[in-house]
Amino acid sequence: MLWKKLIERKVQSESLWHGLANRRGWIKYLFRQILTSGEIQKTHEFYRQLYPKILQDIEQIETNWRAGNFQLEKIQCRSQN
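First residue of the sequence shown? That's 17 in this note's numbering, and the numbers climb one at a time after it.
Structure below.
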């Protein structure tokens, strides 16, 4: 499972990878995999196909950021003024 280890190492070392893993929902397939009922363990092929998709997502994020093509959202702060 070299692809899985590579992805796990990147998720641990880089915050962009970690955030993307949480956002996309594939962090549950990394590290110690706890299978729910009816779910089978992901194969080497799954991680091999996932890696280029991750790189493509990261490239798109960086391109959007460089081009100023992002959306800022106002966060409701409930602190006392």
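Beta carbons are placed, not taken as given, at the ideal position from N, Cα and C, and that holds for glycine.
Ile70 has its alpha-carbon roughly 16 Å from the corresponding atom of Lys58.
Taking 7 Å as the cut-off, the beta carbon of Glu61 is found no closer than this to the beta carbon of Leu46.
When secondary structure is reduced to three states using DSSP, Ile43 falls in the helix class.
For the 7 Å CB-CB criterion, Trp19 and Lys26 do not form a contact.
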